[in-house]
Structures are given as structure tokens and as C-alpha cells.
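Residues in the sequence shown are numbered from 16 upward in steps of one, following the working numbering.
Worksheet for the structure shown next.
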Amino acid sequence: MKQIQPIALTNDEALVLQQITENGEDDVIGLSRGLRMSRSRVAQQLERLRAKKLVTIKSVYGDLWVRASKRGRQLVRYMWPEIVPAY
């Protein structure tokens, strides 16, 4: 049986992941405004989440759009079962 490795998240990473999951998909500017964090701080958290394979990031016409990966959505459902995702 495959053992699932625990994922350690900081508070900021968890908040960013939660926001992305609730919105379904968001851009860095929208996340920054919604979370009241600087764009650089949001970008830093997104890079950490991407390294943990919890989000996917794509560039569309110069904007960075972020979506929770399957693994990220599963983690959010585990941490906050009451959240209704937007997807």
C-alpha cells in the first residue's frame, strides 16, 4: 500500500491555497487584493505551493493564473471539509 507523505504548510501557504480553491482559479493581483498581501509575498507563497505540487501556474497574455492541483484540492478538502470549492 502506498504511504502518503505529510505536507507541511505555513499559515500563509494554507491561506493562499484555501483562497485559490474557493475561487477555482485566480490571478496574482486578485489573490493579492483578496488576501491583503503584497504581490511579491503572494508570488513567494505560490512558488512554494508549486514546488509542493499543490498548485499549477500558467501565463496568459502576461498575467499569471493559478489553479489548485488535484493534490491541492484533496489537501484543502481534508483540512477544511466545510469548504465548497468553485470547480
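Virtual Cβ for every residue (Gly too), placed ideally from N, Cα, C.
In this text, all values refer to a predicted model and were calculated from it rather than measured experimentally.
- Taking 7 angstroms as the cut-off, the beta carbon of R63 is found no closer than this to the beta carbon of I72.
- In the DSSP assignment, L30 falls within the unbroken alpha helix (DSSP H) covering N26 to N38.
- Inclusion of S84 and V75 in the CB contact set at 7 angstroms is not warranted, their separation being larger than that value.
- Comparing C-alpha distances from L30 to each of M52, D42 and R86 shows the shortest one belongs to M52.
- A direct Cα-to-Cα measurement between V91 and Q60 gives close to 16 angstroms.
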